[in-house]
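Top to bottom, those sequences are chains R and A. Using my numbering, the letters of the first sequence correspond one by one to residues 6 to 146. Using my numbering, the letters of the second sequence correspond one by one to residues 6 to 146. For each residue, glycine too, the CB sits at the ideal point set by N, CA and C.
Protein chains: 2
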Amino acid sequence: METSDLKKAGLKVTLPRMKILEILENSETRHLTAEAIYRELLDSGEEIGLATVYRVLTQFEAAGLVCRLHLEGSQAVFELERGGHHDHIVCNQCGRVEEFFDETIETRQREIARQHGFSIKDHALVLYGDCSDSACPHRPV
Amino acid sequence: METSDLKKAGLKVTLPRMKILEILENSETRHLTAEAIYRELLDSGEEIGLATVYRVLTQFEAAGLVCRLHLEGSQAVFELERGGHHDHIVCNQCGRVEEFFDETIETRQREIARQHGFSIKDHALVLYGDCSDSACPHRPV
DNA sequence: CGGCTCGATGATCAAGATTCTCATTTCTAT
DNA sequence: ATAGAAATGAGAATCTTGATCATCGAGCCG
Numbered sequence: 006m007e008t009s010d011l012k013k014a015g016l017k018v019t020l021p022r023m024k025i026l027e028i029l030e031n032s033e034t035r036h037l038t039a040e041a042i043y044r045e046l047l048d049s050g051e052e053i054g055l056a057t058v059y060r061v062l063t064q065f066e067a068a069g070l071v072c073r074l075h076l077e078g079s080q081a082v083f084e085l086e087r088g089g090h091h092d093h094i095v096c097n098q099c100g101r102v103e104e105f106f107d108e109t110i111e112t113r114q115r116e117i118a119r120q121h122g123f124s125i126k127d128h129a130l131v132l133y134g135d136c137s138d139s140a141c142p143h144r145p146v
Numbered sequence: 006m007e008t009s010d011l012k013k014a015g016l017k018v019t020l021p022r023m024k025i026l027e028i029l030e031n032s033e034t035r036h037l038t039a040e041a042i043y044r045e046l047l048d049s050g051e052e053i054g055l056a057t058v059y060r061v062l063t064q065f066e067a068a069g070l071v072c073r074l075h076l077e078g079s080q081a082v083f084e085l086e087r088g089g090h091h092d093h094i095v096c097n098q099c100g101r102v103e104e105f106f107d108e109t110i111e112t113r114q115r116e117i118a119r120q121h122g123f124s125i126k127d128h129a130l131v132l133y134g135d136c137s138d139s140a141c142p143h144r145p146v
């Protein structure tokens, strides 16, 4: 259950936080902007301010509940942290986001960092392309 | 010479454009924010507006003369496009940026994209770490 | 269950980065 | 040199995100 995760992070269990968690859990794309979450809240009749959405997402990020990603657009997208690390492929046409994990790349990254005298702490890898060779069946984000 | 590149891109050869190219060429870090370029222009006595810097950099990007990167900070950084593609390692401590190219990673990226039904067009890979294990000799950006 | 205390919220404002507007200036071709 | 088109500068505008502050509600204690 998620309310325990909230408490564990020292956050009170409030309606805005639960609603936002719920939206993140039930989202089909699993990668939402703060604005998109805000709009879903409005659509479901919740009177929750945009500032609260940003504040809550930032707290969730600090608590390790969500990841903040900077894909192509100007807005950050947030995804629920479910288990492991992964990287992303974004379709230039429809904005669809897919996830992948590749041990070969992870290993090479560590080797490259070591060769340059860096101890790697994190990385960001995003592939951009066109999905399904022009018959892209998804709508833009 | 660079003025020919400007003409080739359909851009008039103007003083702001030449000065900005010059700064990009002579920069030691090779990765500059628009603000940093603007400050260098002011320091060298040029009366060039920040809006022009952004405008020119955007045009240079469209012409393939420079790359725009989103590293850690909130500001984009620009680097002169010299030959080949490469990715970046950024030091969390001092902000230093190093470049690398790894065929293994490039190949794996193409394979992964294909497996997901994507034709890859571009990618962004940034490694974040600490350089030289705590004895970081460089200043913050 | 009722109240207390502090964290959470909402509304608005603010900040930072980047782009836009528009009058003026500067290239470039003629 | 001159006209026409494009570029510039200054500032306003925009977009995203974080800050402020008064009000509200969650959680704890009796």
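Report the three-state DSSP secondary structure of A/THR38 (helix, strand or coil).
In the second sequence, the residue the question calls residue 38 of chain A occupies position 33. If DSSP states are grouped into helix, strand and coil, A/THR38 belongs with the strands.
Who are A/HIS93's beta bridge partners in DSSP?
The residue you call residue 93 of chain A lines up with position 88 of the second sequence. Its beta-bridge partners are A/GLU104 and A/VAL131.
Contact with chain R by A/ALA41, beta-carbon distance below 8 angstroms:
Reading the second sequence from its first residue, position 36 is the one you call residue 41 of chain A. Not one chain R Cβ lies under 8 angstroms of A/ALA41.
Using 8 angstroms as the limit for Cβ to Cβ distance, is A/GLU103 near chain R?
Mapped onto the second sequence, residue 103 of chain A falls at position 98. The beta-carbon of A/GLU103 is placed less than 8 angstroms from the nearest beta-carbon of chain R.
Compute the distance between the beta-carbons of A/GLN98 and A/CYS136, then report whether it is under 8 angstroms.
Residue mapping note: residue 98 of chain A aligns to position 93 of the second sequence, counting from 1. Residue mapping note: residue 136 of chain A aligns to position 131 of the second sequence, counting from 1. Yes, they are a contact pair.
With a Cβ-Cβ cutoff of 8 angstroms, do A/ILE125 and R/HIS121 count as a contact?
Along the second sequence, read from residue 1 onward, the residue named residue 125 of chain A stands at position 120. Along the first sequence, read from residue 1 onward, the residue named residue 121 of chain R stands at position 116. In this structure, R/HIS121 does not lie closer than 8 angstroms to A/ILE125 by Cβ.
Identify the continuous alpha helix (DSSP H) that holds A/VAL18 and give its terminal residues.
For the purposes of this step, residue 18 of chain A is identified with residue 13 of the second sequence, where counting begins at 1. Secondary structure note for A/VAL18: it is in no alpha helix (DSSP H), with a DSSP letter that is neither H nor E.
Relative to the alpha-carbon of R/GLY88, which residue among R/GLY69, R/TYR43 and R/CYS96 has its alpha-carbon at the smallest distance?
Walking along the first sequence from the start, residue 88 of chain R turns up at place 83. Measuring from the Cα of R/GLY88, the nearest candidate turns out to be R/GLY69.
Span of the alpha helix (DSSP H), counted from its first residue to its last, around R/ILE60
Within the first sequence, the letter at position 55 stands for residue 60 of chain R. For the sequence presented, residue 60 of chain R should be read as Arg rather than Ile. First-last of the alpha helix (DSSP H) with R/ARG60: 55-67.
Excluding five sequence neighbours on each side, which residues of the same chain lie with their C-beta closer than 6 angstroms to the C-beta of A/LEU74?
As a working mapping, residue 74 of chain A is identified with position 69 in the second sequence. Result list for A/LEU74: VAL82, in chain order.
List the residues that DSSP assigns as beta-bridge partners of A/LEU74.
The count along the second sequence starts at 1 and reaches residue 74 of chain A at position 69. Its beta-bridge partners are A/VAL82.
Quick one: does R/LEU20 have its CB under 8 angstroms from some CB of chain A?
Walking along the first sequence from the start, residue 20 of chain R turns up at place 15. Residue contact with chain A for R/LEU20: absent (no Cβ-Cβ distance below 8 angstroms to any residue of chain A).
Rounded straight-line distance, which links the Cα of R/GLY50 to that of R/ILE110:
Counting from 1 along the first sequence, the entry for residue 110 of chain R is found at position 105. Counting from 1 along the first sequence, the entry for residue 50 of chain R is found at position 45. One alpha carbon belongs to R/ILE110, the other to R/GLY50, and they sit about 44 angstroms apart.
Check R/SER9 in the structure and name its three-state DSSP category.
One-based indexing of the first sequence puts residue 9 of chain R at position 4. DSSP places R/SER9 in helix when its eight states are reduced to three.
Whose C-alpha, out of A/GLU104, A/ILE117, A/THR112 and A/GLU116, is nearest the C-alpha of R/ILE117?
Translated into positions along the first sequence, residue 117 of chain R becomes position 112. Answer by Cα proximity: A/GLU104.
To which residues does DSSP link R/CYS136 through a beta bridge?
One-based indexing of the first sequence puts residue 136 of chain R at position 131. According to DSSP, which records beta bridges pairwise, R/CYS136 is partnered with A/PHE123.
For A/GLU51, does the three-state DSSP call read helix, strand or coil?
As a first step, residue 51 of chain A is located in the second sequence; it is residue number 46 there, counting from the start. Here A/GLU51 sits in coil by DSSP.
Would you identify the three-state DSSP class for R/ARG115, choosing helix, strand or coil?
Along the first sequence, one-based indexing puts residue 115 of chain R at 110. Residue state, collapsed to three classes: helix.
Does the separation of the CB atoms of R/ASP92 and R/LEU130 fall below 8 angstroms?
Residue 92 of chain R sits at position 87 when you count from the first residue of the first sequence. Residue 130 of chain R sits at position 125 when you count from the first residue of the first sequence. A contact, by the Cβ cut-off of 8 angstroms.
A/TYR59 at chain R interface by Cβ criterion, 8 angstroms
The sequence position of residue 59 of chain A within the second sequence is 54, counting from 1. The beta carbon of A/TYR59 does not come within 8 angstroms of any beta carbon belonging to chain R, so the residue lies off that interface.
Cβ-based burial, A/HIS128 [other Cβ within 10 Å; buried from 16]
Here the question's residue 128 of chain A lines up with position 123 in the second sequence. Label assigned to A/HIS128: buried.
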